[in-house]
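Chemist:
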Amino acid sequence: MSNDGLQQPTMQLSANGPDRELDEDHGKDDSIQMLEIHAEDRIPLRNEQSPSPSRRRWTTTNTAAPTTDDVTQALMSVDDHVDPSGPEPPDPRRRGSSSPVSAVLSPDHGSAIAITLVLVVNAIILAVLLFSGPSLLSETDRTHHASFAPLLYDPKQLTLHYLPVKAGKSVAVVDSHLIRANSSVDGGIEISDWTTGHVRSQVPFGRVKWLTTIPGTPWIAAWSSIWSELTLFQVDTLARLKKVAAAWEGDEDAVGICAGTSGAGDQVVALLQKGGAVQIYRIVSQADSVVLQKMRVVTVLTHLNEVMTSCAIDGTASYRIVVATTAGNLLSVDIAIVSDQRALIAADSRPDYAHFRLNWPITAMTVFYLMNSTVPNLLTYSSHPDHLGGVFSVIAPTLPGLKSDSTKRLWRVLGTFSLDGLVGKVTSLVVVPARPDLALAAAGNALVVHGGQVPPTDDGTLFIAIDPILSDLGISSGSISNGAAPGLLTSCLNTSCGPLAFCPASGPASCACFDGFSGQMCDKPVCVDDCRGRGHCLGPNSCNCIAPYTGPSCRDIGVEPAVTLRPSMLVSHGVAVDNDDAEIYVHPRDPAGSVVLGTTKSRGGDGGLHVWTMDGREVWFAPVPKGSGLNSVSVLAGVPVGSGKGRKLDLVLAGVRGERNAIATWRIDPDAVLHNAKLDVDHLTSTHELKRILAPVGNHLVDLDPADIAVYGSCTLSYQPRGTPPSARRHYLFMTTKTGIVHQFRVELDGPTDADMEPSVRFTRVRHWTVGFGTQLENCVGDPDSGSLYIGEEAVGVWMHPLGLLSEPEPVPTLAVPEPDPVSRRYIFPLGRRPGQAPAAPILLDSTPLVNPHGQLHRDVEGLGLYRDPRGQGRHMLVVSSQGSNSFNIYELGAADPPPLVASLSIVSGAKGDAVTKTDSLAVTSAAVGPGFEHGVLVVHDDATTDPWDLARVEPNASFKVVAWGEILAGMSAASI
1 MSNDGLQQPT
11 MQLSANGPDR
21 ELDEDHGKDD
31 SIQMLEIHAE
41 DRIPLRNEQS
51 PSPSRRRWTT
61 TNTAAPTTDD
71 VTQALMSVDD
81 HVDPSGPEPP
91 DPRRRGSSSP
101 VSAVLSPDHG
111 SAIAITLVLV
121 VNAIILAVLL
131 FSGPSLLSET
141 DRTHHASFAP
151 LLYDPKQLTL
161 HYLPVKAGKS
171 VAVVDSHLIR
181 ANSSVDGGIE
191 ISDWTTGHVR
201 SQVPFGRVKW
211 LTTIPGTPWI
221 AAWSSIWSEL
231 TLFQVDTLAR
241 LKKVAAAWEG
251 DEDAVGICAG
261 TSGAGDQVVA
271 LLQKGGAVQI
281 YRIVSQADSV
291 VLQKMRVVTV
301 LTHLNEVMTS
311 CAIDGTASYR
321 IVVATTAGNL
331 LSVDIAIVSD
341 QRALIAADSR
351 PDYAHFRLNW
361 PITAMTVFYL
371 MNSTVPNLLT
381 YSSHPDHLGG
391 VFSVIAPTLP
401 GLKSDSTKRL
411 WRVLGTFSLD
421 GLVGKVTSLV
431 VVPARPDLAL
441 AAAGNALVVH
451 GGQVPPTDDG
461 TLFIAIDPIL
471 SDLGISSGSI
481 SNGAAPGLLT
491 SCLNTSCGPL
501 AFCPASGPAS
511 CACFDGFSGQ
521 MCDKPVCVDD
531 CRGRGHCLGP
541 NSCNCIAPYT
551 GPSCRDIGVE
561 PAVTLRPSML
571 VSHGVAVDND
581 DAEIYVHPRD
591 PAGSVVLGTT
601 KSRGGDGGLH
611 VWTMDGREVW
621 FAPVPKGSGL
631 NSVSVLAGVP
641 VGSGKGRKLD
651 LVLAGVRGER
661 NAIATWRIDP
671 DAVLHNAKLD
681 VDHLTSTHEL
691 KRILAPVGNH
701 LVDLDPADIA
711 VYGSCTLSYQ
721 PRGTPPSARR
731 HYLFMTTKTG
741 IVHQFRVELD
751 GPTDADMEPS
761 VRFTRVRHWT
771 VGFGTQLENC
781 VGDPDSGSLY
791 IGEEAVGVWM
801 HPLGLLSEPE
811 PVPTLAVPEP
821 DPVSRRYIFP
831 LGRRPGQAPA
841 APILLDSTPL
851 VNPHGQLHRD
861 VEGLGLYRDP
871 RGQGRHMLVV
881 SSQGSNSFNI
891 YELGAADPPP
901 LVASLSIVSG
911 AKGDAVTKTD
921 SLAVTSAAVG
931 PGFEHGVLVV
941 HDDATTDPWD
951 LARVEPNASF
961 KVVAWGEILA
971 GMSAASI
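Counting in UniProt numbering, the sequence shown runs from 1 upward without gaps.
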């Protein structure tokens with residue numbers, strides 16, 4: 001990836017490349033890693049007291065205080081510490097091993113099984129990891145850690161059970177029930193018979209990606225990204241689910257969940273959120289109810305391209321969890337040890353940024369191991385009686401296992417195993433109930449393999465017994481406990497402050513209250529910002545908002561949709577499962593005849609571009625080749641053909657993804673728009689009366705080399721570059737990518753001026769540059785008055801590039817990205833323009849808290865739109881989709897630096913449409929586009945069509961919602977952010 005002079009951020013954590021994404025399967029999972037927590041410095045290895053002739057052990061003897069040079073020397077001087085009677089050890093310089101310790105076992109575990117066990121006991125390296133911090137764990141170190149040969153097993157000999165159904169991403173076994181998560185829009189929780197796979201019941205719960213069992217109970221905890229709700233269900237013997245408790249978490253989408261028993265004896269649930277927050281709840285059983293009581297919100301440091309994937313409750317401490325990430329980091333997070341102080345950070349020389357306080361607590365977090373790939377799952381096992389801790393089992397490709405000291409946090413490699421020839425992805429670790437009827441009287445622990453196949457069986461779900469493997473690794477597995485081992489329970493609740501406080505991290509006894517409580521005894525419920533004066537605090541962080549305000553702190557203005565845009569059976573066969581991006585075409589002669597353009601990005605044959613009138617009637621559909629779909633769409637008005645002295649055309653450009661990686665271009669016919677808008681489309685029997693609104697230009701699809709530009713987001717902008725005459729206004733297409741690079745193309749039309757001939761489009765790449773931190777980009781929007789381009793960086797925020805100050809060939813200036821702050825372990829990047837900054841340098845207008853504690857966006861940052869001042873005074877408004885919080889931020893441009901947030905919107909359910917969730921894109925105009933829309937409209941993508949009073953009513957089709965800007969203005973007139 002070309003950085004064009006941009007200094008890339010240097011993180012203390014390790015990340016696997018700049019464009020790693022969190023995909024549906026978290027990568028290919030074919031090997032299991034074992035990590036053990038132990039109370040002693042030295043854990044006897046299996047058979048160590050009487051090693052067999054076939055097993056040799058090499059050790060290091062350096063006991064001095066470790067330094068970086070010591071580590072290097074230890075890696076490079078293996079031969080100095082070799083048992084002379086043993087075979088020649090492997091060369092770590094050649095093999096990339098993280099330790100000069102190796103051993104080989106050849107036990108008799110079935111004729112088809114060959115087992116290789118690699119054991120590492122290099123205390124020097126581990127001590128460096130402990131005392132020197134994660135910055136010493138470089139890419140080289142991570143390669144060392146990931147190069148151990150695994151134990152190989154024949155899955156046919158270990159298959160415990162097979163079901164002819166796919167397990168899905170998240171699965172649990174409760175009694176005789178197999179419980180699976182169906183993450184589709186209209187999906188839910190499916191309960192099957194564990195013996196036969198027969199579906200017993202299905203409970204609607206849209207986009208439920210994550211669920212987990214609560215050990216020792218008939219409960220499961222599940223997360224729905226549509227409802228933004230963490231829900232506790234009880235599973236009865238008849239496979240019915242009863243809602244027991246729920247907690248609403250609307251600021252960020254979840255990326256993982258785990259539950260278990262803490263070292264303090266509580267049943268706790270941890271919810272991992274995409275923006276780096278971990279919400280910690282404990283389950284409190286009362287006389288007639290169960291409550292999910294939030295204990296704390298902690299912020300976990302991750303790279304901007306790194307997302308948490310899974311977690312486990314670590315029972316060796318009162319409240320500690322282990323978190324895994326897409327970059328292969330394993331983090332130990334102490335929930336109870338959080339400083340009550342806020343660090344003062346020197347961020348810039350500008351007075352108002354010279355020092356400011358962080359708005360998150362400092363979390364006690366340790367990176368204790370680095371891997372070479374995504375870790376999709378981990379769980380906790382109880383251990384044999386002489387162990388005080390537990391065993392972590394980590395699902396990841398070919399990785400070593402670790403042992404640890406629960407006090408000194410020393411981790412050692414224990415072992416890795418692989419299932420030879422297994423087809424499918426390991427998704428979960430579960431406790432399989434004993435079933436005498438299936439000869440499973442003592443079933444024990446099992447891996448669940450999604451799409452599991454041991455030829456010649458069909459594609460389905462395999463349960464692979466791992467207790468024999470654990471025994472080979474010297475582990476007495478017991479059962480999965482998801483938390484504390486017996487005898488370890490310790491309390492970190494501050495009894496002197498009541499039951500709603502942690503022990504203080506340091507200093508005199510003081511109350512560290514649970515989230516939502518304050519006071520000397522932590523018995524006073526409080527709300528965020530005291531509900532902003534727009535409502536009443538009913539309980540801990542629970543506001544009763546006064547209309548039109550909504551949200552957990554009454555921050556948002558609630559507005560209702562005026563129109564819902566849906567596909568028609570006549571025009572597009574009623575199919576629009578994956579609507580994505582919207583654009584508004586303002587009719588040049590009759591603004592009331594304007595239309596909305598909307599893409600469908602699905603690649604199953606229904607991808608294409610829809611056209612709707614402002615009252616919601618579909619009047620045209622332009623398909624794209626099967627196997628491809630459309631992502632972003634934009635309009636370029638008044639593009640001249642040829643020399644520019646002849647006709648000018650309005651163009652529609654869209655990115656094509658799938659089998660084609662291309663730019664699609666249509667000519668839009670204003671006359672056809674008005675003609676079709678006059679028809680009673682809903683009562684037509686054929687499309688013959690419709691005129692073609694979108695006509696492909698001569699070279700309709702222009703293919704791009706995916707190795708150079710992989711099509712993703714796009715937008716258009718017509719402006720006058722510096723140094724060109726007013727008549728030289730030029731037209732551009734900008735393409736954003738997942739690698740952080742934006743490409744700028746000049747758009748021109750070639751061909752005869754004859755109106756009967758379709759011209760061809762020509763794209764000339766003018767420049768490309770890396771935006772911001774160089775992570776995944778989303779949508780963009782341009783200001784034709786100033787030539788400024790606004791770009792959304794998904795995890796970071798919104799950048800403004802004043803391109804109108806540059807001539808066309810000039811390179812775009814970039815800013816050096818700072819290193820993370822050493823105190824907060826966070827990026828601190830100022831918002832707005834900094835003193836001495838070049839006029840054409842980019843500006844971060846607003847951000848997520850990942851890069852600035854004052855950021856008011858929640859990842860992912862998605863759609864952008866520009867509401868141009870209808871008075872012509874240049875006071876435009878920028879609208880940004882803050883996808884994680886299902887809200888839309890509105891900033892007034894030109895009012896101040898950085899631009900102030902003047903309103904935050906939530907689109908709520910009303911008579912003309914349901915509430916909007918997980919918006920990808922949006923479009924806005926200030927033109928009077930019809931009755932009721934005299935001040936313009938906001939059009940947004942809605943991920944799912946829902947009914948807030950009936951969870952079963954979730955439709956699979958996405959849609960677009962039209963909101964009258966006049967309603968937004970009415971709410972803004974009374975609002976004060």
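The beta carbon of each residue, even a glycine, is placed where N, CA and C say it ideally should be.
Tell me, to the nearest whole angstrom, how far the beta carbon of I668 is from that of L694; I am working on the premise that it is less than 8 angstroms.
Modeler: That belief holds up - the Cβ atoms of I668 and L694 are roughly 6 angstroms apart, short of 8 angstroms.
Chemist: Using only alpha-carbon positions, find the residue among A728, G627, N661, L570 that is nearest to K645.
Modeler: Taking only the C-alpha atoms, the option nearest K645 is A728.
Chemist: What residue does the beta strand (DSSP E) around D650 start on, and which one ends it?
Modeler: Segment 648–658, the beta strand (DSSP E) holding D650.
Chemist: Measure the C-alpha to C-alpha separation of I557 and H161 and round it to an integer number of angstroms.
Modeler: So the alpha carbons of these two residues sit roughly 53 angstroms apart.
Chemist: Once the 5 residues before and after L422 are set aside, which same chain residues still bring their CB inside 6 angstroms of it?
Modeler: Contacts found: P155.
Chemist: Would you say the region 702–709 touches the region 673–688, given that touching needs at least three Cβ pairs under 8 angstroms?
Modeler: No: the two stretches stay apart, fewer than three of their Cβ pairs being nearer than 8 angstroms.
Chemist: Have a look at N886, P898, V908 and flag the residue whose alpha-carbon is nearest the alpha-carbon of T919.
Modeler: Cα-wise, what sits closest to T919 is N886.
Chemist: The alpha helix (DSSP H) with K156 in it runs from where to where?
Modeler: 155–158 is the span of the alpha helix (DSSP H), which, as asked, contains K156.
Chemist: Does P835 pass the burial test, meaning 16 or more other C-beta atoms within 10 Å, or should it be called exposed?
Modeler: Per the 10 Å Cβ criterion, exposed.
Chemist: Which class does V571 belong to by DSSP, given the choice of helix, strand or coil?
Modeler: If DSSP states are grouped into helix, strand and coil, V571 belongs with the helices.
Chemist: Starting from the Cα of T737, find the closest Cα among P164, T764, A707, P752 and give me that residue.
Modeler: For T737, the nearest C-alpha among the options comes from A707.
Chemist: Three or more beta-carbon pairs under 8 angstroms between the region 764–773 and the region 741–755, yes or no?
Modeler: Verdict: yes, contact present.
Chemist: Would you identify the three-state DSSP class for V528, choosing helix, strand or coil?
Modeler: V528 falls in the helix class under three-state DSSP.
Chemist: Does the distance from the C-beta atom of L845 to that of M800 stay below 7 angstroms?
Modeler: Yes, the Cβ-Cβ distance between L845 and M800 is below 7 angstroms.
Chemist: Judging by CA-CA distance, which residue of C511, L789, V798, R647 is the nearest neighbour of L749?
Modeler: Nearest C-alpha to L749: R647.
Chemist: Taking buried to mean at least 16 other C-beta atoms within 10 Å of its own C-beta, is residue 981 buried or exposed?
Modeler: Any property of residue 981 remains undetermined from this structure, which presents the chain solely from 1 to 977.
Chemist: Could you give the distance in angstroms between the alpha-carbon of G263 and the alpha-carbon of P839?
Modeler: The alpha-carbon atoms of G263 and P839 are separated by roughly 56 angstroms.
Chemist: R767 by DSSP, collapsed to three states: which one?
Modeler: Residue state, collapsed to three classes: strand.
Chemist: With DSSP as the reference, label H683 as helix, strand or coil.
Modeler: DSSP places H683 in helix when its eight states are reduced to three.
Chemist: Name the one or two DSSP bridge partners that Y719 has.
Modeler: R730, per the DSSP bridge assignment.
Chemist: Which full runs of the alpha helix (DSSP H) of 4+ residues lie inside the region 767–801, going along the chain?
Modeler: Fully enclosed alpha helix (DSSP H) runs of 4 or longer: not present.
Chemist: Going by beta carbon distance, what residues of the same chain come within less than 6 angstroms of T366, once the five residues before and after it are set aside?
Modeler: These residues qualify, in order along the chain: S332.
Chemist: State the DSSP-derived secondary structure class of V673, mapped to helix, strand or coil.
Modeler: V673 falls in the helix class under three-state DSSP.
Chemist: Rounding to the nearest angstrom, what Cα-Cα distance links R859 and T848 in this structure?
Modeler: Near 6 angstroms, if we compare the C-alpha coordinates of T848 and R859.
Chemist: Count the CB pairs spanning the region 862–874 and the region 232–241 that are closer than 8 angstroms, and state whether there are at least three.
Modeler: Result no; under three Cβ-Cβ pairs closer than 8 angstroms.
Chemist: Which value, in whole angstroms, describes the spacing of the CA atoms of V430 and V171?
Modeler: Cα-Cα distance, rounded: 8 angstroms.
Chemist: Can you name the start and end residues of the alpha helix (DSSP H) that L470 belongs to?
Modeler: Element bounds for L470: 467–472.
Chemist: Cα-Cα, which of E618, R589, I843, G533 is closest to V798?
Modeler: It is I843 whose Cα lies nearest to the Cα of V798.
Chemist: Just tell me which of M295, E934, S909, P899 has its CA closest to the CA of D942.
Modeler: Nearest C-alpha to D942: S909.
Chemist: Can at least three beta-carbon pairs, one atom from the region 290–297 and one from the region 243–263, be found at a separation below 8 angstroms?
Modeler: Counting Cβ pairs under 8 angstroms, three or more are found: they touch.
Chemist: Quick one: grab the DSSP three-state call for V128.
Modeler: Below a pLDDT of 50, predicted positions are generally treated as unreliable, and V128, at 30, falls in that range; the measurement from the model is reported next regardless. Here V128 sits in helix by DSSP.
Chemist: Using the rule of at least 16 other Cβ atoms within 10 Å of the residue's Cβ for burial, across every protein chain shown, is H731 buried or exposed?
Modeler: Its Cβ being crowded by 16 or more others within 10 Å, H731 is buried.
Chemist: Which value, in whole angstroms, describes the spacing of the CA atoms of P591 and T613?
Modeler: Using only the alpha carbons, I get a separation of about 11 angstroms.
Chemist: Using the beta-carbon count (16 or more within 10 Å), is R617 buried or exposed?
Modeler: Looking at its Cβ environment, which holds 16 or more other Cβ atoms inside 10 Å, R617 is buried.
Chemist: Roughly how many angstroms lie between the CA atoms of R826 and P900, to the nearest whole one?
Modeler: The alpha-carbon atoms of R826 and P900 are separated by roughly 24 angstroms.
Chemist: Using only the alpha-carbon positions, how far apart do P623 and V937 sit?
Modeler: If you take the alpha carbons of P623 and V937, they lie about 26 angstroms apart.
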